[in-house]
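There are 2 protein chains.
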Amino acid sequence: MAQEAKPKAVRGPRIDAQRNRQRLLETAKATFAEKGEAAGLEEIARLAGVGIGTLYRHFPTRDALVEAVYRNETQRLAEAAAELAATHPPVEALRAWMRIFVDHIATKQLMAGVLGSIVGGTSDLYADAGAQIKTAMAMLVDRAVADGDIRLDLDPLDMLRALAGVANVSAGPNWEASAKRLVDILIAGVRTPGREGR
Amino acid sequence: MAQEAKPKAVRGPRIDAQRNRQRLLETAKATFAEKGEAAGLEEIARLAGVGIGTLYRHFPTRDALVEAVYRNETQRLAEAAAELAATHPPVEALRAWMRIFVDHIATKQLMAGVLGSIVGGTSDLYADAGAQIKTAMAMLVDRAVADGDIRLDLDPLDMLRALAGVANVSAGPNWEASAKRLVDILIAGVRTPGREGR
DNA sequence: TTTAAATACGGAGGCTTCCTCCGTTTATCA
DNA sequence: TGATAAACGGAGGAAGCCTCCGTATTTAAA
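Listed in order, the protein sequences are those of chains A and B.
Numbering that gives the first Met the number 0 puts the first residue of the first sequence at 0, with every later residue one more than the last.
Numbering that gives the first Met the number 0 puts the first residue of the second sequence at 0, with every later residue one more than the last.
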């Protein structure tokens, strides 16, 4: 058998490509925060100082860019869940986390329109992000169920979908307050009778 | 003062225009039911056997077509609310109506994506449709509040927005059951303590 | 029945946005 | 330094919403 030639060294990404990718992510995040779903990719490329072909080389579709931009946020939500679980009683942790979820939308850390896809969709693209949120929510819910505080015969994600519904459209100026009020209603609605701690 | 000449008779719409409009509405309804928001206007025009200019003459924007298609549905929901109010105790009427609301989505009588705009938006175009639903929901809620069954410090429409959130994305195959379960959770969440009639 | 006027038609073309392809440029390694 | 591979960017295509205007059709009056 012939001996294989020694392979050439594998290259990492070029530094210009790394720099461009970073600029695209930062610019996209800012533009989505300002314009939401109306932000166009040509505009994002221009603002980042790159060509549209470059944007597509790094992020093959619009959704791929969106997913990359918000990957950090979903991770942060997952981490927040772990912290709350370590520091709060079960149902309080659940409530607090859902309010943080609402905060993330309010501070434009998540674009409302994308939220539905992340928590509600079945698209593979958002599988990672969706899984992080699903795992976080399921963990908090399981804890509260095990504690006897709540009983839930509904996919926990459906509660987040409900919150997304309040956030998702050009709702009125008080949508945030409404969403947080809805958190309380949902918690009250799944409370085990006789366990109204409030 | 000169006497005005007798005005000519005012014409109604031509019969071909009436026929085309009806065909457009029927075709649009069927296409939206089948393809949801992916239905394109060129396709709808073609399927209806008319030109794209004709579609736009009757419905100046895509939203105008959507609103016209679903005007009947929102009216039916409003009528259902009146009937339920006449035949059911307050909180039962509210619960039943919200389930009918979910049914409408399930049977494609309402396109989930439009639902958000109807119940959640501030656009003038959907003001009539939105007002019908808002009035229906508010009437049922007011009745239940007056009866002492529930207390609600949340815009009633936010409960529908929450349902729309469950319906709004390509949710799993059991979204309908989830939505109806969510109806019960919401009702339980706004129940006046000590009034758990269930 | 014919004519004139008004209504209505439809499709070519414009605009926007997402996306693709490929000639050119740039970074990297030997 | 030269060769190669990675990366670039922008022209152009496709899709979909929408507009405009020459042509067709309907309707009422003579």
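Note that beta-carbon positions come from the ideal geometry of N, C-alpha and C, so glycine has one too.
Note that the coordinates shown come from a computational prediction; the quantities given were computed from them, not determined experimentally.
By the CB criterion at 8 angstroms, leucine 83/B and alanine 95/B fall inside the cutoff.
The C-beta of isoleucine 184/B comes closer than 8 angstroms to at least one C-beta of chain A. Among the residues of chain A, none has a CB under 7 angstroms from the CB of glycine 147/B; the nearest is roughly 17 angstroms distant. When only Cα atoms are considered, histidine 103/B and threonine 86/A end up about 43 angstroms apart. Counting C-beta pairs with one atom in each stretch, the region 22-33 of chain B and the region 176-191 of chain A have fewer than three that are closer than 8 angstroms, which means they do not touch. For tyrosine 55/A, the enclosing alpha helix (DSSP H) has its first and last residue at 51-57.
The beta carbons of aspartate 157/B and valine 140/A sit no closer together than 8 angstroms.
At least one beta carbon of chain A lies nearer than 8 angstroms to the beta carbon of alanine 161/B.
DSSP, read as helix, strand or coil, puts arginine 10/B in coil.
When the Cα atoms are used, glutamine 21/B and alanine 81/B turn out to be separated by approximately 28 angstroms.
Beta-carbon to beta-carbon, tyrosine 69/A and valine 113/A are separated by about 6 angstroms, close enough to satisfy the 8 angstroms threshold. Residues of chain A with a Cβ closer than 7 angstroms to the Cβ of leucine 93/B do not exist, since the nearest Cβ in that chain sits about 14 angstroms away. Cα atoms of arginine 180/A and aspartate 146/B: separation of roughly 22 angstroms, rounded to the nearest angstrom. Using beta-carbon distances, arginine 61/A does not count as an interface residue toward chain B, since no partner is under 8 angstroms. For tyrosine 69/A, the enclosing alpha helix (DSSP H) has its first and last residue at 61-86. Per DSSP, isoleucine 149/B lies in no alpha helix (DSSP H) and is assigned neither H nor E.
Straight through space, the alpha carbons of isoleucine 14/A and glycine 52/A are spaced by roughly 18 angstroms.
Put simply, of Arg56/A, Arg150/A, Ile184/A the residue whose alpha carbon is nearest the alpha carbon of proline 155/B is Ile184/A.
Among the residues facing chain A, leucine 153/B is included, as its CB has a counterpart in that chain under 8 angstroms away. By the neighbour-count criterion, in which 16 or more other beta carbons inside 10 Å mark a residue as buried, aspartate 148/B falls on the buried side.
Taking 8 angstroms as the cut-off, the beta carbon of alanine 79/B is found no closer than this to the beta carbon of arginine 142/B. Around the beta carbon of glutamine 17/B, fewer than 16 other beta carbons lie within 10 angstroms, which makes this residue exposed. DSSP, read as helix, strand or coil, puts arginine 194/B in coil. Under the Cβ criterion of 8 angstroms, arginine 22/A is not counted among the residues facing chain B.
For aspartate 157/B, the neighbours in chain A by C-beta distance under 7 angstroms run, in chain order, Val165, Ser177, Leu181.
Interface with chain A (8 angstroms Cβ-Cβ cutoff): alanine 84/B is excluded. Taking serine 177/B as the centre and dropping the five residues before and after it, the same chain places the C-beta of Val165 closer than 6 angstroms to its C-beta, in chain order.
Contact of glycine 35/A with chain B is not assigned, every C-beta pair being separated by 8 angstroms or more. Separation of the CB atoms of glycine 50/B and alanine 44/B is rounded to 6 angstroms, and the pair is thereby assigned contact status at 8 angstroms. Contact between alanine 67/A and phenylalanine 58/A holds: their C-beta atoms lie close to 6 angstroms from each other, under 8 angstroms. Taking C-beta atoms as the reference points, glutamine 131/A and threonine 60/A fail to come closer than 8 angstroms. Interface flag for valine 101/A against chain B is unset, since no Cβ pair is found closer than 8 angstroms. In this structure, Arg98/A is the residue among Asp127/A, Arg98/A, Glu41/A, Pro89/A with its C-alpha nearest to the C-alpha of alanine 163/A.
Interface annotation, valine 144/B: not in contact with chain A, CB-CB separation never under 8 angstroms.
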